[in-house]
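Participant:
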Amino acid sequence: MDIQALAKDIPAEGEYSLEGIDFITSGKQYLTFLLGDEQYAVDILCVEEIRSWEQPTVIPNAPKYVKGVINMRGIIVPIIDLRLKFKVCQAIYNEFTVVIVLTVEIDEHSRTIGFVVDAVSDVLNAEDNEIKKSPYFGGCVPQTYIDGLINVGAKVVTLLNVETLQLIEKHKVD
Amino acid sequence: MSVDLSQFVPSFLEESFEGLELMESSLLNLDAGDNETIHSIFRAAHSIKGGAGTFGFNNVTEFTHLVETLLDEIRDGRRDITPKDTELLLVAVDCMRLLIEAARDDADYDEDKVSETTRLLELTLAMTRPSSDSEMVNIEQDSKTPAGKTWHITFIPEHHLVQTGNDPLLLFNALADLGELSLKAKTDLVPPIAEMDATELYISWELSLISEASEADIREVFEWVEDECTLEIVGTEVSPEPVGSSGGSDTAKTSASELSISSGASANAVQSPEKSDKNKTKSKQDAGSIRVGVDKVDSLINLMGELVITQSMLSELGNDFEISKLEKLKSGLDQLLQNTKELQESVMKIRMLPISFAFNRFPRLVHDLSIKTGKEMNLIIRGEQTELDKTVMEQIGDPLVHLVRNAVDHGIESSDIRLANGKPKSGTITLDAYHQGGNIIIEISDDGGGINREAVLNKAIEKGLVDSNATLSDSQVFDLLFEPGFSTAKEISDISGRGVGMDVVKRNIQSLGGRIQVESEPGKGSKFKVNLPLTLAILDGQLVRVGTEVYIIPLITIVESLQAKPEFINKVSGDMTLYRLREDNVPVIPIYQLFDLPADTKDVNNALLVVVEADGQKVGLMVDDLLAQQQVVIKSLKDNYQQVEGISGATILGDGSVAMIIDVPGMIEMAIERAHEKQNEHSLDGALV
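So the protein lines, in turn, are chains A and B. Sequential numbering of the first sequence, starting at 141, is according to the numbering used here. Sequential numbering of the second sequence, starting at 238, is according to the numbering used here.
(1) Just verifying my parser: in three-state terms, what is the DSSP assignment at G664(B)?
(2) Going by DSSP in three states, L551(B) sits in which element: helix, strand or coil?
(3) Looking only at C-alpha atoms, which of F300(B), I311(B), G620(B), E251(B) sits nearest to I278(B)?
(4) Give me the Cα-Cα distance between D177(A) and S261(A), rounded to the nearest whole angstrom.
(5) Have a look at P282(A) and L668(B) and give me their C-alpha separation to the nearest angstrom.
(6) Starting from W193(A), follow its DSSP beta bridges and name the residues at the other end.
(7) In whole angstroms, what is the alpha-carbon distance linking L769(B) and V856(B)?
(8) Could you say which of H396(B), E553(B), S593(B) lies nearest to L438(B) if we only look at CA atoms?
(9) Along the alpha helix (DSSP H) that carries I278(B), what are the first and last residues, could you check?
(10) Does the beta-carbon of L574(B) have 16 or more other beta-carbons within 10 angstroms, so that it is buried, or is it exposed?
(11) Classify Q673(B) as helix, strand or coil using the three-state DSSP reduction.
(12) Measuring straight from C-alpha to C-alpha, what distance separates G472(B) and I447(B)?
(13) If contact means a Cβ-Cβ distance below 7 Å, which residues of the stretch 235 to 258 of chain A contact chain B?
(14) From the DSSP output, in three-state form, read off C466(B) for me.
(15) Pop quiz: V849(B) and V781(B) are said to be a contact at Cβ under 8 Å. What is the actual Cβ separation, rounded to whole angstroms?
(16) Buried or exposed for S593(B), please, with buried defined as at least 16 other CB atoms from any protein chain shown within 10 angstroms of its CB.
(17) Where does A844(B) sit, in a helix, a strand or coil, going by DSSP?
(18) Mapping the DSSP letters down to three states, classify I793(B) as helix, strand or coil.
(19) Tell me whether the beta-carbon of V244(A) lies closer than 7 Å to the beta-carbon of E188(A).
(20) Cβ closer than 8 Å: which chain B residues qualify as neighbours of T284(A)?
(21) For E758(B) and E691(B), what's the separation of their Cα atoms in angstroms?
(22) Looking at the strands, I want to know which residues DSSP matches up with G208(A).
(23) Using the Cα positions of M373(B) and Q244(B), report the straight-line distance between them to the nearest angstrom.
(24) Using a Cβ cut-off of 8 Å, pull out every chain A residue sitting near D833(B), in sequence order please.
(25) Cα-Cα, which of I290(A), I286(A), N291(A) is closest to N301(A)?
(26) Going along chain B in order, which residues have a C-beta closer than 8 Å to the C-beta of N211(A)?
(27) Could you work out which residues of chain A lie near E786(B), taking near to mean beta carbons separated by less than 8 Å?
(28) V881(B) touches chain A at which residues, Cβ-Cβ below 9 Å?
(29) Under a Cβ-count criterion, where at least 16 other Cβ atoms within 10 Å of its own Cβ denotes burial, should C280(A) be classed as buried or exposed?
(30) Would you mind working out which of I688(B), G314(B), L357(B), E299(B) sits nearest L326(B), comparing C-alpha positions?
(31) What is the DSSP secondary structure of N752(B), reduced to helix, strand or coil?
(32) Flag I216(A) as yes if its beta-carbon sits less than 7 Å from any beta-carbon of chain B, otherwise no.
(33) Hey, L181(A) and V256(A): beta-carbon distance below 7 Å or not?
(34) Any Cβ of chain A within less than 7 Å of the Cβ of K875(B)?
(35) Since V859(B) sits in a beta bridge, which residues does DSSP pair it with?
(36) Would you mind sorting R315(B) into buried or exposed? The rule is 16 or more other CB atoms within 10 Å of its CB.
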């Protein structure tokens, strides 16, 4: 078969949104998830793994949103419930509740933290210029955690900053 | 033949640092006429020079050559060693360390210090040198100790020698490989500059080579230029060198064999029997590598073998298991347990090093401080073979240095005061290390003036650390020394007295899971007692249950566990619960309350109490159930989270779940704080009413 002809069949970027061709698009990829009915996203390269919810070991006198620690292949990983942390919705633990484990290098030291969310939804491609600045109008999520907003159709996805998320337990909730 | 030398650089560096430490400690112990010590210092310097030459660290080679020359003169008895020389050599050792560190990190170094020391060394050398060989240039290669003949070589090349692609420098380097080479350039044939042809060579050389090599060997070097020069080689015998010079007298000097020679020499030096300070190795600078005895590795391999056998036995058993083989399975599992335990012990042993690694810097430190302060003092080191985990060792070095500096600066009095008080003229500082239970105790004591209780108290009151009418026990007063920003030194010296030290010392020791205590007697001296865990990695723990959570209490802290009897429980001063344990009244700490957990029993009557002790304080921890005892591997909570009050770490249990390890001293502190808060609330309430 003629290779030229084949190449014509590959849609130009942005023309279609076909599943399975994500890897050839040029933008960054983001993992989107649900907190209540709001959509959030994090850089997919930081996602270590996605695991189902299990009751962690309680850390004494920790803030409410710190659910405890789990053993992830010999590493002690703290579990933080983003729903409680951001006060966006009720924290219900059911079979769809998942933990997104993020690893980020900060100051040559890698930190791994698991975040409880309601559900993982999709992988999103976005160019840097598609990320809009978030208007400052309050809301539950402090601005330091937000990198920007991405429009997906009629909906808006909030892009979270993975680095400040890693330092989450050091910030006071207000 | 070319060998990639860079792979040997780390071992060269390691050996060099060992050599430097050996030089340093030997210099400090040097008595006049002690030839063996001088020899071992010389050997160490020689190995470093040889190695540095091989790896192209030229500034190290050049500098070390000067040191070596001076040592050589002392060794041969051509020079008497004076205290001034010893000082100079000690400074020179510092410079060598600077240079080698700079070579390691590819960084800059304190050039002023090095050039100043170089100047001093040259000056000292010049004082004994018979004539000034100003034109003589030493080519510093890995010169071997002369043992053969002195060859006088006259080399007058044809003017066009360089045009045929020959380079005299290469020839000289080749000669230098044969032995110790010195050469003199003769410029009498150089024409006036107007007649000079830049492509022609006008210089001739007179070389003198001290080497075992035969004339044929030397001629071979000049083989390619034989037709283009006038060559004269005359040999004279030199008297053989005393034994004890470096073992490297063979002429084959491929780089690889050079390395083995230098390592051999340093190994000899390390193991020389007359040394009181054995096992010199690098201090905390490089955390990267560890030296392990072959016997330890062998035992590990043996254990590994046994483990593999047990494993295959068990898996075979599992392939077609039937209930009749249960006994066999049980014994197999027992064996597995045994193997695992032994393996664990052996692995832990690898991390254990004698504390002399941390102690060996103190003779030098005390020596320097003694000169700086003008106080005379002796250092006594005991228990230097006490073994300690490498991680603990690396982190305890700086706090110990600080404590020793303090002992020198604040502890020991000046000689006249000492004499006036009827004490020996020179003070004594003692470093002592020993094991006690699962801990290692390091004591730093001095026979100085002791801690001035009043001065400490006044200072603390002045700084607002304590109330002016508070009555404090001695140990409470001494604990004030560890408060941030506390210093009683009348003037700030560069040794200590800035008041930034002791609180850092205490923090460092606490971060290692250790404690520090002070004892002091006016006029007699003071003693700092550092109590450290042997290892940071593993502890024996008692598993306890509180509500649904499992906690681990370090076995070492547990005094006893008991079922509380209602008649021994007393409520005092409002809300404090005490348990009468024989003669002691032990405060009861309900873990569920402190950690805010749901618990089975909230009633202290009939509760299970685990009596633990920390810092001399006994408390009863209230738990719901006692579970198994087991060894647990400590994992940090700080890596991914943060320090948690009352918790020293976490571990993973057999079922894969995480359990928290209770930090007993931290927990006691926490309980005390809670009690204070409560009191404050009460007094606040009282004020409002």
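Beta carbons: idealized from backbone N, C-alpha and C, even for Gly.
Facilitator: Judging by the given coordinates:
(1) For the purposes of this step, residue 664(B) is taken as residue 427 along the second sequence, with counting starting at 1. Correct three-state label for G664(B): strand.
(2) Locating residue 551(B) in the second sequence gives position 314, counting from the first residue. Three-state DSSP puts L551(B) in a helix.
(3) Numbered from its first residue, the second sequence carries residue 278(B) at position 41. Per the Cα distances, I311(B).
(4) Locating residue 177(A) in the first sequence gives position 37, where the first residue counts as 1. Locating residue 261(A) in the first sequence gives position 121, where the first residue counts as 1. C-alpha separation (whole angstroms): 11 Å.
(5) Residue numbering aside, residue 282(A) sits at position 142 when the first sequence is read from its first letter. Residue numbering aside, residue 668(B) sits at position 431 when the second sequence is read from its first letter. When rounded, the distance between both Cα atoms is 54 Å.
(6) As a position in the first sequence, residue 193(A) is number 53, starting the count at 1. DSSP, once it has assigned bridges, lists no residue as partnering W193(A).
(7) Translated into the one-based positions of the second sequence, residue 769(B) becomes position 532. Translated into the one-based positions of the second sequence, residue 856(B) becomes position 619. Rounded to whole angstroms, L769(B) to V856(B) spans 21 Å at the Cα level.
(8) One-based indexing of the second sequence puts residue 438(B) at position 201. For L438(B), the nearest C-alpha among the options comes from H396(B).
(9) Taking the second sequence and counting its residues from 1, the one referred to as residue 278(B) is at position 41. Unbroken alpha helix (DSSP H) run through I278(B): 272 to 292.
(10) As a working note, residue 574(B) is residue 337 in the second sequence. Answer is exposed; the Cβ neighbour count stays below 16.
(11) Position 436 of the second sequence holds residue 673(B). DSSP places Q673(B) in strand when its eight states are reduced to three.
(12) Sequence index remark: in the second sequence, residue 472(B) carries index 235 (1-based). Sequence index remark: in the second sequence, residue 447(B) carries index 210 (1-based). Between G472(B) and I447(B), the C-alpha separation is close to 9 Å.
(13) R251, T252, I253
(14) Working through the second sequence from its first residue, we reach residue 466(B) at position 229. C466(B): strand per DSSP, three-state reduction.
(15) Counted from its first residue, the second sequence places residue 849(B) at position 612. Counted from its first residue, the second sequence places residue 781(B) at position 544. Wrong, their Cβ atoms sit about 11 Å apart, outside the cutoff.
(16) Your numbering for residue 593(B) matches position 356 in the second sequence. It is buried - the Cβ of S593(B) has at least 16 other Cβ atoms within 10 Å.
(17) Position 607 of the second sequence, counted from the first residue, corresponds to residue 844(B). In this structure, A844(B) counts as coil in the three-state DSSP scheme.
(18) Counted from its first residue, the second sequence places residue 793(B) at position 556. In this structure, I793(B) counts as helix in the three-state DSSP scheme.
(19) The count along the first sequence starts at 1 and reaches residue 244(A) at position 104. The count along the first sequence starts at 1 and reaches residue 188(A) at position 48. The answer is no: Cβ separation not under 7 Å.
(20) To locate residue 284(A), count along the first sequence from 1; it is residue 144. Near T284(A) there are no residues of chain B at all, since even the closest Cβ is about 18 Å away, more than 8 Å.
(21) On the second sequence, residue 758(B) is found 521 positions in, with the first residue counted as 1. On the second sequence, residue 691(B) is found 454 positions in, with the first residue counted as 1. Cα-Cα distance, rounded: 13 Å.
(22) One-based indexing of the first sequence puts residue 208(A) at position 68. DSSP lists I219(A) as partners of G208(A).
(23) The residue you call residue 373(B) lines up with position 136 of the second sequence. The residue you call residue 244(B) lines up with position 7 of the second sequence. With a pLDDT of 41 at M373(B), under the threshold of 50, the predicted position of this residue should be treated as unreliable, though the coordinate-derived value follows. About 35 Å.
(24) Numbered from 1 along the second sequence, position 596 holds the residue referred to as residue 833(B). P200, N201, listed in chain order.
(25) Sequence index remark: in the first sequence, residue 301(A) carries index 161 (1-based). Measuring from the Cα of N301(A), the nearest candidate turns out to be I286(A).
(26) Residue numbering aside, residue 211(A) sits at position 71 when the first sequence is read from its first letter. Simply I889, G893, S894, V895.
(27) Taking the first residue of the second sequence as position 1, residue 786(B) is located at position 549. In chain order: T197, V198.
(28) Here residue 881(B) corresponds to residue number 644 of the second sequence, with the count starting at 1. The contacting residues are I199, P200, N201, A202.
(29) By 1-based counting over the first sequence, the position of residue 280(A) is 140. Answer is exposed; the Cβ neighbour count stays below 16.
(30) Taking the first residue of the second sequence as 1, we reach residue 326(B) at position 89. Measuring from the Cα of L326(B), the nearest candidate turns out to be L357(B).
(31) As a working note, residue 752(B) is residue 515 in the second sequence. Here the sequence assigns Arg to residue 752(B), which means Asn is not the residue at that position. DSSP places R752(B) in strand when its eight states are reduced to three.
(32) In the first sequence, residue 216(A) corresponds to position 76, counting from 1. Closer than 7 Å: yes.
(33) As a first step, residue 181(A) is located in the first sequence; it is residue number 41 there, counting from the start. As a first step, residue 256(A) is located in the first sequence; it is residue number 116 there, counting from the start. Looking at the sequence itself, residue 181(A) is Ala, so the reference to Leu does not match. No; because the gap between Cβ atoms is not below 7 Å, this pair is not in contact.
(34) Residue mapping note: residue 875(B) aligns to position 638 of the second sequence, counting from 1. Closer than 7 Å: no.
(35) Residue numbering aside, residue 859(B) sits at position 622 when the second sequence is read from its first letter. In the sequence under discussion, the amino acid at residue 859(B) is Met, which differs from the Val named in the question. Looking at the DSSP assignment, M859(B) forms a beta bridge with P827(B), L846(B).
(36) Taking the first residue of the second sequence as 1, we reach residue 315(B) at position 78. Exposed.
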